[in-house]
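Engineer: One structure, pasted below without further comment.
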Amino acid sequence: MKNTKPYLWCLLAIALGTLYACQHEPILPDPNEIDDAPYALVVPAGFPMPDIPPDNALTNVRVAMGKLLFFDPILSRDATISCASCHFPDRAFSDTIAISPGVEQRLGVRNAMPLFNVAYHPNLMREGGVPTLEMQVLAPISDHFEMDFNLVDAAERLAQDPNYADLSQRAYGRPPDPYVITRALAAFERVLLSGNSAYDRYNNGQSNALSPQALQRQRIIPIVRLRPLS
Ligand code: HEC
229 MKNTKPYLWC LLAIALGTLY ACQHEPILPD PNEIDDAPYA LVVPAGFPMP
279 DIPPDNALTN VRVAMGKLLF FDPILSRDAT ISCASCHFPD RAFSDTIAIS
329 PGVEQRLGVR NAMPLFNVAY HPNLMREGGV PTLEMQVLAP ISDHFEMDFN
379 LVDAAERLAQ DPNYADLSQR AYGRPPDPYV ITRALAAFER VLLSGNSAYD
429 RYNNGQSNAL SPQALQRQRI IPIVRLRPLS
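If you want it as structure tokens, here you go:
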């Protein structure tokens, strides 16, 4: 190339690199800017309101605490693996590889499941043996191949952190114990709603959202509405 200006390429590379890094950085809440007002859950068109357990009503501070915990490796034995190490927000809260490594690069036997719309699942995990999101939190924290820790030690660790100690009091009126850890993570997971896929748009009346080929191949059958569209 005749007029190659290496510094321009450098600048472009830095700009693209920054953009890439930014895309993959989660935007985490600032504990000082969170209030304890009820969380304004936006339910996608055509979706019913998910069931929220009475002891874990959604509030801004609960959801924010859950989000911080979800992205924090503090809940794993050696503080290297967070929930987001396997459930990537930019990959539908799943992973692109078959088996996501846990602590010490240990490999389990199953694929990390996506977490969007998990608020609607009556049973969790592949066997469906876990009835609530609160209970499910126990599984990855204690699994030898995932975080290999336990809730009691995790709670002690969190209590040493002034930010979590303060958030926990504001969110649940108690120190960051197993009750709080399981509830805050579940609160965050309940707000991961997604309802704008091509399939959703087709269901909501946009007949060209799916190509004729997609319709033919998938034999799309519109879902039965639980509630009419408002
Ligand atoms: C090392 C990877 C890994 C880590 C870390 C991990 N998960 Fe998972 N997650 C998985 C795998 C694999 C499954 C499927 C498990 C099964 O079916 O037995 C799963 C399943 C789930 C499910 C069930 C979803 C459904 O539709 O039934 C939820 C909810 C979940 N994880 C939340 C979390 C939370 C919260 C954390 C952090 C406390 C976490 N996971 C940490 C790999 C991981």
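Take 229 as the starting number for the sequence shown in my numbering and just add one per residue. Every residue gets a Cβ at the ideal spot worked out from N, C-alpha and C, and that includes glycine. On a predicted model such as this, the values are computed, not experimentally measured, just so you know.
1) With a cut-off of 8 Å on the beta carbons, I'd call Ala442 and Arg429 a contact; round off their distance for me.
2) What separation, rounded to the nearest whole angstrom, lies between the Cα atoms of Pro368 and Ala268?
3) Give the range of the alpha helix (DSSP H) segment to which Tyr392 is assigned.
4) Return the CA-CA distance between Gly401 and Asp264, expressed in angstroms with no decimal places.
5) Since Val380 and Leu361 are thought to touch, with beta carbons under 8 Å apart, how far apart are those beta carbons, to the nearest angstrom?
6) Ends of the alpha helix (DSSP H) at Glu362?
7) Any heavy atom of ligand 1 within a distance shorter than 7 Å of the CB on Pro368?
8) So, is Val270 buried or exposed, given that buried needs 16 or more other C-beta atoms within 10 angstroms?
9) Please classify Ile325 as buried or exposed, where buried requires at least 16 neighbouring CB atoms within 10 angstroms.
10) Smallest Cα separation from Pro359: which of Cys314, Glu384, Asp279 and Gly274?
11) Nearest CA to the CA of Gly274: which residue from Tyr392, Gln444, Pro282 and Asn424?
12) May I ask you to report which of helix, strand or coil DSSP gives Val346?
13) What's the call for Lys295, buried or exposed, on a 16-neighbour Cβ count within 10 Å?
14) Measuring only from the beta carbon, is Leu420 closer than 7 Å to any heavy atom that is part of ligand 1?
15) Below 7 Å CB to CB, which residues in the same chain sit around Leu343 once its five sequence neighbours on both sides are set aside?
Structural biologist: In terms of the structure at hand:
1) Start at 1 with the first residue of the sequence shown, and residue 442 comes out as number 214. Start at 1 with the first residue of the sequence shown, and residue 429 comes out as number 201. Their Cβ separation, rounded to whole angstroms, is 12 Å, which puts Ala442 and Arg429 out of contact at 8 Å.
2) Residue 368 sits at position 140 when you count from the first residue of the sequence shown. Residue 268 sits at position 40 when you count from the first residue of the sequence shown. Going by the C-alpha atoms only, they are around 28 Å apart.
3) For this step, residue 392 is matched to residue 164 along the sequence shown. From DSSP, the alpha helix (DSSP H) with Tyr392 extends over Pro390 to Tyr400.
4) Walking along the sequence shown from the start, residue 401 turns up at place 173. Walking along the sequence shown from the start, residue 264 turns up at place 36. Distance between the alpha carbons of Gly401 and Asp264 is about 11 Å.
5) Counting from one through the sequence shown, the residue named residue 380 turns up at place 152. Counting from one through the sequence shown, the residue named residue 361 turns up at place 133. With 8 Å as the limit, Val380 and Leu361 do not qualify as a contact, their Cβ atoms being about 20 Å apart.
6) Translated into the one-based positions of the sequence shown, residue 362 becomes position 134. Looking at the DSSP string, the run of the alpha helix (DSSP H) that includes Glu362 is Leu361 to Gln364.
7) Along the sequence shown, one-based indexing puts residue 368 at 140. At least one heavy atom of ligand 1 is nearer than 7 Å to the Cβ of Pro368, so yes.
8) Position 42 of the sequence shown, counted from the first residue, corresponds to residue 270. Exposed, because fewer than 16 other Cβ atoms sit within 10 Å of the Cβ of Val270.
9) Here residue 325 refers to the residue found at position 97 when the sequence shown is read from its first residue. Exposed, because fewer than 16 other Cβ atoms sit within 10 Å of the Cβ of Ile325.
10) Translated into positions along the sequence shown, residue 359 becomes position 131. Checking every option, the nearest Cα to that of Pro359 belongs to Asp279.
11) In the sequence shown, residue 274 corresponds to position 46, counting from 1. The shortest C-alpha separation from Gly274 is found at Asn424.
12) Position 118 of the sequence shown, counting from 1, holds the residue named residue 346. In the structure shown, Val346 sits in a helix (DSSP, three-state: H, G or I).
13) What you label residue 295 is simply residue 67 of the sequence shown in a count that begins at 1. Per the 10 Å Cβ criterion, buried.
14) Reading the sequence shown from its first residue, position 192 is the one you call residue 420. No, the beta carbon of Leu420 sits no closer than 7 Å to any heavy atom of ligand 1.
15) The sequence position of residue 343 within the sequence shown is 115, counting from 1. Correct list, in chain order: His315, Phe321, Glu417 and Leu420.
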